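A.B. asks: The structure under discussion is supplied below as structure tokens; questions concerning it will follow.
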Amino acid sequence: MSSMRNAVQRRNHKERAQPEERKKWGLLEKKKDYQLRSRDYNTKKQRIKALREKAETRNPDEFHYGMMSSRTQKGIKIADRGNEALSNAAVALLKTQDANYLRLKRAEERKKIEKLEEAVQFMGLAKPQKGEPRKHTVFTEDVDEAKKFDPAQFFGTHESLLDRSFNRPRLDQLENGEFMPDEVLDEGEHKRGGDGLRREKKKLAAYKELESRLNREQELKEVELRLALQREKMGKGRKNGNKWAKVRKR
Numbered sequence: 258m259s260s261m262r263n264a265v266q267r268r269n270h271k272e273r274a275q276p277e278e279r280k281k282w283g284l285l286e287k288k289k290d291y292q293l294r295s296r297d298y299n300t301k302k303q304r305i306k307a308l309r310e311k312a313e314t315r316n317p318d319e320f321h322y323g324m325m326s327s328r329t330q331k332g333i334k335i336a337d338r339g340n341e342a343l344s345n346a347a348v349a350l351l352k353t354q355d356a357n358y359l360r361l362k363r364a365e366e367r368k369k370i371e372k373l374e375e376a377v378q379f380m381g382l383a384k385p386q387k388g389e390p391r392k393h394t395v396f397t398e399d400v401d402e403a404k405k406f407d408p409a410q411f412f413g414t415h416e417s418l419l420d421r422s423f424n425r426p427r428l429d430q431l432e433n434g435e436f437m438p439d440e441v442l443d444e445g446e447h448k449r450g451g452d453g454l455r456r457e458k459k460k461l462a463a464y465k466e467l468e469s470r471l472n473r474e475q476e477l478k479e480v481e482l483r484l485a486l487q488r489e490k491m492g493k494g495r496k497n498g499n500k501w502a503k504v505r506k507r
């Protein structure tokens, strides 16, 4: 019977909204809103009461030795945490340890970069050249031969491999299966989203990772050089540069 009673559609009880003439004062306060406001008010009231009692019972002749070393600034107490400044030798030692850590991390990045470069070359991915692309000039006998010139036939390779400046296989190698670069793919395979598309995504991800690791290695190198410069400045010697010795003039 109880299940039937719960299955019957019941009326949705809505809370009363703010009257039209009082909408400028905001939303109508509910009981939960009043409870939050009341708790906050009582908490602040108790805190003010405790501070007032502490101020009334304060002893004007109170003294403790911490007052001798403490000071205030615009009513705010400023205390010393007891931190002691390190000597130049200790700071130089810490900077040496930091430099060793940076050198270790840079060596790890270099190993990862070398592995990525080998993997990128194995996949046939050539790093794009900055600036203008490389050119290969071919001389012909006359203008007609230049118009009929076929670069793929001249180099004996596939048309998709003409942009390569190195590691360019010939057609006989492709026919014998000696070398099958990823660029020679069926166009329909790309449209179907098969292995060729996944291979291209993998190549692109490898190149992005290689580029990011190269940037990270360069940043680590710059930080290491700055640390070395700071250690040199902290060492003994003249800090203001070379000064010419005074020469007696006649």
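For the sequence shown, the working numbering gives the first residue as 258, with consecutive numbering after it. Glycine included, every Cβ here is placed at the ideal spot set by N, Cα and C. Because the structure is a prediction, the values reported are computed rather than measured.
Among the residues of its own chain, which have a CB less than 7 Å from the CB of ALA485, if the five just before and after it don't count?
C.D. replies: Taking the first residue of the sequence shown as 1, we reach residue 485 at position 228. These residues qualify, in order along the chain: ALA356.
A.B. asks: Can you give me the C-alpha to C-alpha distance between LEU461 and LYS392, rounded to a whole angstrom?
C.D. replies: Here residue 461 is taken as the residue at index 204 of the sequence shown, counted from 1. Here residue 392 is taken as the residue at index 135 of the sequence shown, counted from 1. For LEU461 and LYS392, the distance between alpha carbons rounds to 25 Å.
A.B. asks: Let me know if LEU284 comes out buried or exposed under the rule of 16 or more other beta-carbons within 10 Å of its beta-carbon.
C.D. replies: Taking the first residue of the sequence shown as 1, we reach residue 284 at position 27. With fewer than 16 Cβ atoms within 10 Å of its Cβ, LEU284 is classed as exposed.
A.B. asks: With distances taken between CB atoms, is the gap from ARG488 to ALA312 smaller than 8 Å?
C.D. replies: Locating residue 488 in the sequence shown gives position 231, where the first residue counts as 1. Locating residue 312 in the sequence shown gives position 55, where the first residue counts as 1. In this structure, ALA312 does not lie closer than 8 Å to ARG488 by Cβ.
A.B. asks: Do you know how far the Cα of GLU466 is from the Cα of SER326?
C.D. replies: Locating residue 326 in the sequence shown gives position 69, where the first residue counts as 1. Locating residue 466 in the sequence shown gives position 209, where the first residue counts as 1. If I take the Cα positions, the gap works out to 56 Å.
A.B. asks: So, using beta-carbon positions, are GLU481 and ARG367 closer together than 8 Å?
C.D. replies: On the sequence shown, residue 481 is found 224 positions in, with the first residue counted as 1. On the sequence shown, residue 367 is found 110 positions in, with the first residue counted as 1. For GLU481 and ARG367, no; Cβs fall outside 8 Å.
A.B. asks: Helix, strand or coil, according to DSSP, for GLN266 in the structure here?
C.D. replies: Taking the first residue of the sequence shown as position 1, residue 266 is located at position 9. In this structure, GLN266 counts as coil in the three-state DSSP scheme.
A.B. asks: Output the distance between the C-alpha atoms of LYS281 and LYS306, rounded to the nearest integer angstrom.
C.D. replies: Locating residue 281 in the sequence shown gives position 24, where the first residue counts as 1. Locating residue 306 in the sequence shown gives position 49, where the first residue counts as 1. Cα-Cα distance, rounded: 35 Å.
A.B. asks: May I ask which residues mark the beginning and end of the beta strand (DSSP E) holding GLN330?
C.D. replies: Start at 1 with the first residue of the sequence shown, and residue 330 comes out as number 73. Segment 328-330, the beta strand (DSSP E) holding GLN330.
A.B. asks: With DSSP collapsed to three states, give me the class of LYS334.
C.D. replies: One-based indexing of the sequence shown puts residue 334 at position 77. LYS334 falls in the strand class under three-state DSSP.
A.B. asks: Are the beta-carbon atoms belonging to LEU527 and ILE370 less than 8 Å from one another?
C.D. replies: Since the displayed the chain opens at 258 and closes at 507, residue 527 lies outside it and no answer follows.
A.B. asks: Roughly how far, in whole angstroms, is the beta-carbon of ALA409 from the beta-carbon of GLU416, given that I think they are within contact range, below 8 Å?
C.D. replies: Stepping through the sequence shown from its first residue, residue 409 is reached at position 152. Stepping through the sequence shown from its first residue, residue 416 is reached at position 159. At roughly 5 Å, the Cβ-Cβ gap stays under 8 Å, so ALA409 and GLU416 are in contact.
A.B. asks: Within 10 angstroms of the Cβ of LEU477, are there 16 or more other Cβ atoms? Answer buried if so, exposed if not.
C.D. replies: Within the sequence shown, numbered from 1, the residue matching residue 477 stands at position 220. So LEU477 ends up on the buried side.
A.B. asks: Go ahead and label LYS448 buried or exposed: buried means 16 or more other beta carbons lie within 10 angstroms of its beta carbon, across all protein chains shown.
C.D. replies: Taking the first residue of the sequence shown as position 1, residue 448 is located at position 191. Here LYS448 scores only 46 on pLDDT, less than 50, and its place in the model is too uncertain to base an answer on.
A.B. asks: Are there 16 or more other CB atoms within 10 angstroms of the CB of THR414, so buried, or fewer, so exposed?
C.D. replies: Here residue 414 refers to the residue found at position 157 when the sequence shown is read from its first residue. Counting Cβ neighbours within 10 Å, THR414 comes out buried, since at least 16 surround it.
A.B. asks: Please state whether DSSP places GLY323 in a helix, a strand or coil.
C.D. replies: Counted from its first residue, the sequence shown places residue 323 at position 66. Three-state result, GLY323: helix.
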